[in-house]
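First comes the structure, then the notes that go with it.
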Amino acid sequence: MQYATTAEIARELRIGEKAIRRMVRDGRLPALRLGRSLRFDRKEVLACLSSVHGDRVVAGSRVR
0 MQYATTAEIA
10 RELRIGEKAI
20 RRMVRDGRLP
30 ALRLGRSLRF
40 DRKEVLACLS
50 SVHGDRVVAG
60 SRVR
């Protein structure tokens with residue numbers, strides 16, 4: 000399993016890094032905290048977003 004950074008997830012979802020951090024803080028997006036950094040499992044992020052948004056796919060999102 001390979002983890003993505005906040006910047007990578009923000010770029011893939013086409014939203015700002017600040018929005019990503021806010022979503023993590025609010026419990027809307029799963030993340031691992033490594034020291035002061037956040038890391039994301041892309042599959043978990045997409046699963047979380049699809050459960051919130053149904054079958055709609057967030058622009059630019061994809062699983063590698």
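Letter 8 of the sequence shown, counting from 1, is numbered 7 in numbering that gives the first Met the number 0, and no numbers are missing.
Think of the CB as a built atom: it goes at the ideal place given N, C-alpha and C, for glycine as much as any other residue.
Query, Result
"Are the beta-carbon atoms of R38 and L28 separated by less than 8 Å?", "no"
"Considering only C-alpha positions, which residue in the set T4, R35, K17 and L12 is nearest to L45?", "L12"
"Can you tell me where the alpha helix (DSSP H) holding R10 begins and where it ends?", "T5 to L12"
"Just the Cα atoms here: how many angstroms apart are R10 and R21?", "15 Å"
"Ends of the alpha helix (DSSP H) at R24?", "E16 to R24"
"Compare the beta carbon distance of R41 and A6 with 8 Å and say whether it is the shorter of the two.", "no"
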